[in-house]
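Note that the protein sequences, when read in sequence, are chains X and E.
Counting in my numbering, the first sequence runs from 1 upward without gaps.
Counting in my numbering, the second sequence runs from 334 upward without gaps.
Below you'll find the structure, written out as structure tokens, and then a few comments.
2 protein chains.
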Amino acid sequence: MKLVLDAMGGDHAPHEIVAGAVDYARKTGHTVILVGQEDAVNAELAQHDASRLNLFVVHAPETIDMDEQPALAARRKKNNSMAVGMRLVRDGQADAFCTMGHTGGALTAGHMVFRRIPGVHRAVLTTPFPSPKGFFIFGDVGANTDCKPEWLAQWGQMMAIYAQARLGVSQPRVALLSNGEEEGKGTQLTRATESLMREALGAAYMGVVEPKEMIAGEANVVVTDGFTGNVAIKLTEAVATYLLQIIREEITARKLAMVGAALARPAFRAAAARLDDREYGAGLLLGLNGLVTVGHGRSKRDRVYFALRNTAQLVEANILEQVRAEVVRTVKR
Amino acid sequence: MKLVLDAMGGDHAPHEIVAGAVDYARKTGHTVILVGQEDAVNAELAQHDASRLNLFVVHAPETIDMDEQPALAARRKKNNSMAVGMRLVRDGQADAFCTMGHTGGALTAGHMVFRRIPGVHRAVLTTPFPSPKGFFIFGDVGANTDCKPEWLAQWGQMMAIYAQARLGVSQPRVALLSNGEEEGKGTQLTRATESLMREALGAAYMGVVEPKEMIAGEANVVVTDGFTGNVAIKLTEAVATYLLQIIREEITARKLAMVGAALARPAFRAAAARLDDREYGAGLLLGLNGLVTVGHGRSKRDRVYFALRNTAQLVEANILEQVRAEVVRTVKR
Numbered sequence: 001m002k003l004v005l006d007a008m009g010g011d012h013a014p015h016e017i018v019a020g021a022v023d024y025a026r027k028t029g030h031t032v033i034l035v036g037q038e039d040a041v042n043a044e045l046a047q048h049d050a051s052r053l054n055l056f057v058v059h060a061p062e063t064i065d066m067d068e069q070p071a072l073a074a075r076r077k078k079n080n081s082m083a084v085g086m087r088l089v090r091d092g093q094a095d096a097f098c099t100m101g102h103t104g105g106a107l108t109a110g111h112m113v114f115r116r117i118p119g120v121h122r123a124v125l126t127t128p129f130p131s132p133k134g135f136f137i138f139g140d141v142g143a144n145t146d147c148k149p150e151w152l153a154q155w156g157q158m159m160a161i162y163a164q165a166r167l168g169v170s171q172p173r174v175a176l177l178s179n180g181e182e183e184g185k186g187t188q189l190t191r192a193t194e195s196l197m198r199e200a201l202g203a204a205y206m207g208v209v210e211p212k213e214m215i216a217g218e219a220n221v222v223v224t225d226g227f228t229g230n231v232a233i234k235l236t237e238a239v240a241t242y243l244l245q246i247i248r249e250e251i252t253a254r255k256l257a258m259v260g261a262a263l264a265r266p267a268f269r270a271a272a273a274r275l276d277d278r279e280y281g282a283g284l285l286l287g288l289n290g291l292v293t294v295g296h297g298r299s300k301r302d303r304v305y306f307a308l309r310n311t312a313q314l315v316e317a318n319i320l321e322q323v324r325a326e327v328v329r330t331v332k333r
Numbered sequence: 334m335k336l337v338l339d340a341m342g343g344d345h346a347p348h349e350i351v352a353g354a355v356d357y358a359r360k361t362g363h364t365v366i367l368v369g370q371e372d373a374v375n376a377e378l379a380q381h382d383a384s385r386l387n388l389f390v391v392h393a394p395e396t397i398d399m400d401e402q403p404a405l406a407a408r409r410k411k412n413n414s415m416a417v418g419m420r421l422v423r424d425g426q427a428d429a430f431c432t433m434g435h436t437g438g439a440l441t442a443g444h445m446v447f448r449r450i451p452g453v454h455r456a457v458l459t460t461p462f463p464s465p466k467g468f469f470i471f472g473d474v475g476a477n478t479d480c481k482p483e484w485l486a487q488w489g490q491m492m493a494i495y496a497q498a499r500l501g502v503s504q505p506r507v508a509l510l511s512n513g514e515e516e517g518k519g520t521q522l523t524r525a526t527e528s529l530m531r532e533a534l535g536a537a538y539m540g541v542v543e544p545k546e547m548i549a550g551e552a553n554v555v556v557t558d559g560f561t562g563n564v565a566i567k568l569t570e571a572v573a574t575y576l577l578q579i580i581r582e583e584i585t586a587r588k589l590a591m592v593g594a595a596l597a598r599p600a601f602r603a604a605a606a607r608l609d610d611r612e613y614g615a616g617l618l619l620g621l622n623g624l625v626t627v628g629h630g631r632s633k634r635d636r637v638y639f640a641l642r643n644t645a646q647l648v649e650a651n652i653l654e655q656v657r658a659e660v661v662r663t664v665k666r
């Protein structure tokens, strides 16, 4: 197993990225190729006892900075760390590429380096999403804002394969996000997508779900356009943060409540653990001729470790070949 | 002040609806005309000491039932309680109409009875939304799923007037909901709306907001299409419910945590009070030639009371005339 990791991507790069790579290489024995500013990466590596691990550094002279338009920067800087890393995968020197950097940059570089799988309309950015019934696969969460029905239907097919490989669900239930089933609900897009999804997925297509059913985990895969999906994941995070902030403020304003909260702390911790997407949190770009995962920009070493572990699982599940076969099967039909 | 209340609308109609009307009439001395099945409404009224209150019953032979497609039913049943009630307002016998019933039914009946204000592209369903900085006005939350840029721009204007009247903000900050400002973010709709809103609203338009900024209350008015808006309010409710459910489950699984939670209860109550939209929760249909407010379907008497009170405030603020003047001003320009 050889994974390429973007050493320059994310809020805590390269420090935490390199630390996560060291942890991963030590625990698994796998090879991790760190791509980035050679000096900076080597300086980080020197802080670890990493001499006997399968860690390699490949120099990338350019980086996509936080204050740049990532898509523009990815196009202008041909030798940014993402592009250099993806080329290693494309040329057969590694199995997959993983970054904690800008999603927009990864999207642009991914398209430039890997191209789409022939027959794929558009690549889709997917992410695991927590629910009371376990995680489900949600997408598009931001790759494509204005979408066509056939794109969403095909994403449903590809995401079903991802759900099988990642969640171990043999018959994933695939749904389309909408605001209801009644007359006047849904958009032209969702209504046109409905029949295409039924055709493409057969019994695996369970129909539309409202946000309530989605959050309850009634589907293993929830498909939507990248505008709605991106708004939905950002809104979910904002609402959860706001709610917990208000509870925290009201507790800290009361001495007795603080005592109570201290007693209840194990319960809060357990609740947080159930919502924690740390072990699941890397997104997957589906539809490209190469495996690209995108972890959270705020990732520290533990999340970097899990992002690499998830990436390796997808390589082992041979998800790319499975998606290619599904696309060929459908396009031929 | 004369308000018409749909006695048949909502999960707890007519029992809680009539009770809320009695409370309201008693506290304010205002007139409330209850529209619905005469026998059922009178039977409810008989349970209250309401003989000296300004409560009147107007018979409506038909109702829109919960298991019907509300828009279809509103069209088929010409004498449903909403249509009968709205006609009283249209014909000058009352100032505004209020229902806890189906939004879809209110929309259809509202269009049929009142028509749109000349120059208004589409009526918009708006609702107050809680934030750390107080409530803001959010819409469209479900009246129009496929939208045009000029609709959203006009909604921004009308909603700004609503924010002035309802929230007492003299210079409301109006924003457009999007998933970011960078290249590749937003849709054709949001990008086309941007320039129109800047033109229509001038300095009052603050640009796009992401969900995080919206939830933080950075705008007084947030405009979006009715699909995204409907998904957003449903998702917000679902995420909040799920989060509190998980916390509750983990607390009740631990004896000591239950003791702690009991001590912290005043803090939880205070947090809940800050999020409570009970006093604000009635939505307003903007753009029709008549004032229509739509309360929550689950409303009990207290929410019915507040919905009536909010409706009266809007009548007093003369919001309908203000909106008409704004539309005339803009259309002439």
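Just so it is clear, CB atoms sit at the ideal spot from N, CA and C, and this is done for glycine as well.
Note that the coordinates shown come from a computational prediction; the quantities given were computed from them, not determined experimentally.
Same chain, Cβ closer than 7 Å to residue 547/E, five either side skipped, listed in chain order
Contacts found: 510 and 555.
Considering Cα atoms alone, identify which of 660/E, 457/E and 635/E is closest to residue 534/E.
Residue 534/E has its Cα closest to that of 660/E, out of 660/E, 457/E and 635/E.
Minimum Cβ-Cβ distance from residue 254/X to chain E less than 7 Å
By the rule that beta-carbons nearer than 7 Å mark a contact, residue 254/X touches chain E.
Under 7 Å between the Cβ atoms of residue 593/E and residue 343/E?
Between residue 593/E and residue 343/E, the C-beta spacing is not below 7 Å.
Within this structure, are the beta carbons of residue 241/X and residue 98/X separated by less than 7 Å?
Between residue 241/X and residue 98/X, the C-beta spacing is not below 7 Å.
Along the segment 394-418 of chain E, where does the CB come closer than 8 Å to a CB of chain X? Name the residues.
Contact residues of the segment 394-418 of chain E toward chain X are 402, 403, 404 and 405 (C-beta to C-beta distance below 8 Å).
Residues that residue 382/E bridges to, as DSSP identifies them
None, per the DSSP bridge assignment.
Amino acids of chain X, ordered along the chain, whose beta-carbon sits closer than 7 Å to that of residue 520/E
Near residue 520/E (Cβ distances below 7 Å), the residues of chain X are 145, 146 and 227.
Within 7 Å, strictly: CB atoms of residue 27/X and residue 94/X
At least 7 Å separates the beta-carbon of residue 27/X from that of residue 94/X.
Determine the closest residue to residue 628/E out of 458/E, 508/E and 564/E, with distance taken between C-alpha atoms.
Each of 458/E, 508/E and 564/E was checked against the Cα of residue 628/E, and the nearest Cα belongs to 458/E.
Starting from residue 263/X, trace the alpha helix (DSSP H) in both directions and tell me its first and last residue.
255-263 is the span of the alpha helix (DSSP H), which, as asked, contains residue 263/X.
So the beta strand (DSSP E) residue 392/E belongs to, where does it begin and stop?
Residues 388-392.
Span of the beta strand (DSSP E), counted from its first residue to its last, around residue 538/E:
538-542 is the span of the beta strand (DSSP E), which, as asked, contains residue 538/E.
Measuring alpha carbon to alpha carbon, tell me which of 290/X, 239/X, 34/X and 226/X ends up nearest residue 145/X.
Of the candidates 290/X, 239/X, 34/X and 226/X, 226/X places its Cα closest to the Cα of residue 145/X.
Checking 7 Å against the spacing of the C-beta atoms, do residue 514/E and residue 474/E come in under that value?
Going by C-beta atoms, residue 514/E is not nearer than 7 Å to residue 474/E.
I want to see whether chain E comes within less than 7 Å of residue 220/X, judged by CB atoms only; does it?
Residue 220/X does not count as touching chain E.
Beta-carbon gap between residue 239/X and residue 569/E smaller than 7 Å:
A contact, by the Cβ cut-off of 7 Å.
Does residue 52/X have its Cβ less than 7 Å from a Cβ in chain E?
For residue 52/X, the nearest beta carbon of chain E is not closer than 7 Å to its own beta carbon.
When burial is assigned at 16 or more other CB atoms within 10 Å of the CB, is residue 303/X buried or exposed?
Residue 303/X comes out buried.
Chain-ordered residues of the segment 521-553 of chain E with a beta carbon less than 7 Å from chain X:
Per Cβ criterion, the list reads 521, 543, 544, 545 and 548.
Residue interval of the alpha helix (DSSP H) (run including residue 23/X):
Note, residue 23/X: alpha helix (DSSP H), 15-28.
Is there at least one Cβ from chain E nearer than 7 Å to residue 280/X's Cβ?
Not closer than 7 Å to any Cβ of chain E, the Cβ of residue 280/X fails to qualify, so no.
Within a Cβ cutoff of 8 Å, which residues of the same chain sit near residue 197/X, ignoring the five residues on either side of it in sequence?
When the five nearest sequence neighbours on each side are left out, the beta carbons in the same chain lying within less than 8 Å of the beta carbon of residue 197/X are those of 152, 153, 156, 174, 176, 205 and 223, in order along the chain.
Quick test of the definition: if touching needs 3 or more C-beta pairs under 8 Å, does the segment 402-411 of chain E touch the segment 369-389 of chain E?
Taking a contact to require three or more Cβ pairs closer than 8 Å, the segment 402-411 of chain E and the segment 369-389 of chain E do not qualify as touching.
Determine the DSSP secondary structure at residue 624/E, reduced to helix, strand or coil.
In the structure shown, residue 624/E sits in coil (DSSP, three-state: anything other than H, G, I, E or B).
Same chain, Cβ closer than 8 Å to residue 302/E, neighbours up to 5 away in sequence not counted:
Past the edges of chain E, shown from 334 to 666, lies residue 302/E, and the structure says nothing about it.
Excluding the five sequence neighbours on either side, which residues of its own chain have a C-beta within less than 7 Å of the C-beta of residue 465/E, listed in chain order?
Only 549 and 550 meet the Cβ criterion.
Partner residues on chain E for residue 142/X, Cβ-Cβ distance less than 9 Å
Those within 9 Å of residue 142/X in chain E are 512, 513, 517 and 518.
So, under 8 Å CB-CB, residue 127/X and residue 283/X are touching, yes? Tell me the CB distance rounded to an integer number of Å.
With 8 Å as the limit, residue 127/X and residue 283/X qualify as a contact, their Cβ atoms being about 4 Å apart.
Neighbour list for residue 601/E in chain X, Cβ cutoff strictly below 9 Å:
Within chain X, the residues near residue 601/E are 247, 250, 251 and 257.
Mind pulling the chain E residues with CB within less than 7 Å of residue 104/X?
Chain E residues near residue 104/X: 515 and 517.
Beta-carbon neighbours of residue 432/E, restricted to chain X and to distances below 7 Å:
Per Cβ cutoff of 7 Å: no residues; residue 432/E is ~17 Å from chain X at best.
With 16 other Cβ atoms within 10 Å as the buried cut-off, status of residue 395/E
When all chains shown are included, residue 395/E counts as buried.
CA nearest to the CA of residue 376/E, picked from 607/E, 450/E and 350/E
It is 350/E whose Cα lies nearest to the Cα of residue 376/E.
Chain E contacts from the segment 231-246 of chain X (Cβ-Cβ distance under 7 Å)
Close to chain E, meaning a Cβ-Cβ distance shorter than 7 Å, are the following residues of the segment 231-246 of chain X: 231, 232, 234, 235, 236, 238, 239, 240, 242, 243 and 246.
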